[in-house]
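Right, one structure below, let's go through it.
Protein chains: 2
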Amino acid sequence: MNFGFLLFPDAEELDFIGPWEIIGMWGMHFNGPEKRLLISQDGAAVQCAKGLSVNPHCSFMDCPPLDFLLIPGGQGTRKEVNNQVLVDFVKQQATACKQILSVCTGAFILQAAGLLAHKRATTHWGSLDRLRKYPDVTVVEERFVRDGNIWTAAGVSAGIDLALALIASLASEEVAGKVQLAAEYYPSSRRYGYAPLSPGAPAYLNK
Amino acid sequence: MNFGFLLFPDAEELDFIGPWEIIGMWGMHFNGPEKRLLISQDGAAVQCAKGLSVNPHCSFMDCPPLDFLLIPGGQGTRKEVNNQVLVDFVKQQATACKQILSVCTGAFILQAAGLLAHKRATTHWGSLDRLRKYPDVTVVEERFVRDGNIWTAAGVSAGIDLALALIASLASEEVAGKVQLAAEYYPSSRRYGYAPLSPGAPAYLNK
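Taken in order, these protein sequences are the chains called A and B.
When the letters of the first sequence are read in order and numbered with the numbering used here, they come out as residues 886 to 1092.
When the letters of the second sequence are read in order and numbered with the numbering used here, they come out as residues 886 to 1092.
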């Protein structure tokens, strides 16, 4: 099985490395996907939104058919939704992909590739209203949401929760538990300051 | 202010990129440290534990004096605790650092540099017993612990909680809240399977 992670300039680091870590634990220690690949258009080093420089494993040209594809968000998505080569790559891979996932504003790349039509989906809280402008997308304010084989997560760190849910669904609850323990992902529930009470904060915070 | 992140072969990706994202949000949007640097011994690309290849910003030779230094864990720490050049780099930077942090088994590099003597500290749950072998370290099973200017976190994902606590301490609760909202770090509290009930699981899970 091949699990691909799309990379582009100004992708948000944690959007893809959170899931990368979780899927990597699964793949290396608990019989998850053997091949995990970071893929960029030309295969050259990519500068991410917070200044991290990453070397992809392959380009669009030499990327094998993917069983899973994850698309991160970040400021770079504003530009990439208009990059026809990237959007076509996503469209083409999606035809054979078992599951397609986005984190944060990566949802807008799924939208550009026509993959959110008549789907429930989410994105970073700051971009929910922007996603609501597409009348055929049903926007939900959840930590993540699955609709068929399309999974979308809320902002940045939500990709970690998404990745564990994917493992629970495809492998089992027990395998997801082992990966969670290996990554010691038992986060603090602490909410700092008044920010989570601000009007834009996502609705799932009040559940 | 310079915030350095130590890199070495087989460092665990999320150990340093979790904090990298949080400290990056702080630095770029909320008046946190202006300069955030990934530092490796020779400055060349580093292959991480789950297969990510990262290009550091500088080598030990051209690294400026750091105000903050974070040391990730990962399988690579087993080798690096015996790398005198790396241990000396940590020791030398630590003399002027305001705060020194480790995530996961990065604690063993702090130990090798003499920075955990007579301190309370923690590490990945799977390495707690190994850390207990140093009689001058008081091992605690918390998500993270601060003792003076030494901060240590539990495994892998715990570095995100550590980074937010650092910001709350150095800036304010409100600034930490704004960073938390920007990164949408309101994780699910879901615990999968029976893994968290296993005997090795860290004591803070039962609080």
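Quick reminder that beta carbons are idealized off the backbone N, C-alpha and C, glycines included.
For B:A1043 and A:I1052, the gap between their C-alpha atoms comes out near 20 Å. Per DSSP, the unbroken alpha helix (DSSP H) holding A:G909 starts and ends at 898-914.
Those residues of the region 1032-1049 of chain B placed with their C-beta closer than 8 Å to a C-beta in chain A are A1039, G1040, V1041, S1042, A1043, I1045, D1046, L1049, ordered along the chain. The beta carbon of A:P904 sits closer than 6 Å to the beta carbons of L955, G1044, A1048 from its chain, once the five residues preceding and following it are set aside; these are given in chain order. Here the alpha carbons of B:A998 and A:L922 stand approximately 35 Å from one another.
Listed along the chain, the chain B residues whose CB falls inside 8 Å of the CB of A:W1010 are L1066, E1069. When Cβ-Cβ separations below 7 Å define contact, A:Y1019 makes no contact with chain B. Within chain B, N940 have C-beta atoms less than 8 Å from the C-beta of A:A930, given in sequence order.
For secondary structure counted as the beta strand (DSSP E) over 3 or more consecutive residues, the region 963-1003 of chain A holds these complete runs in sequence order: 984-988. For B:I994, the nearest beta carbon of chain A is not closer than 7 Å to its own beta carbon.
Residues V988, F1029, G1044, L1047 of the same chain have their beta carbon placed closer than 6 Å to that of A:A1038, with the five preceding and five following residues left out of the count.
The Cβ-Cβ distance between A:L937 and A:C982 does not fall below 7 Å.
B:G1040 counts as buried, since no fewer than 16 other beta carbons sit within 10 angstroms of its beta carbon. Shown here, B:L1013 sits in a helix according to DSSP, grouped into three states.
The beta carbons of B:L1000 and B:I1035 sit about 6 Å from each other, so the pair counts as a contact at 8 Å. Excluding the 5 residues flanking it on each side, B:R1075 has no same chain C-beta neighbour closer than 6 Å. Exposed is the label assigned to B:H1003, since fewer than 16 other Cβ atoms lie within 10 Å of its Cβ. Around the beta-carbon of B:M946, fewer than 16 other beta-carbon atoms lie within 10 Å, marking it exposed. Among the CB atoms of chain A, one or more fall inside 7 Å of the CB of B:S1073. 7 Å or more divides the Cβ of B:G912 from the Cβ of A:G1078. Look at A:R1028: its C-beta is under 7 Å from a C-beta on chain B.
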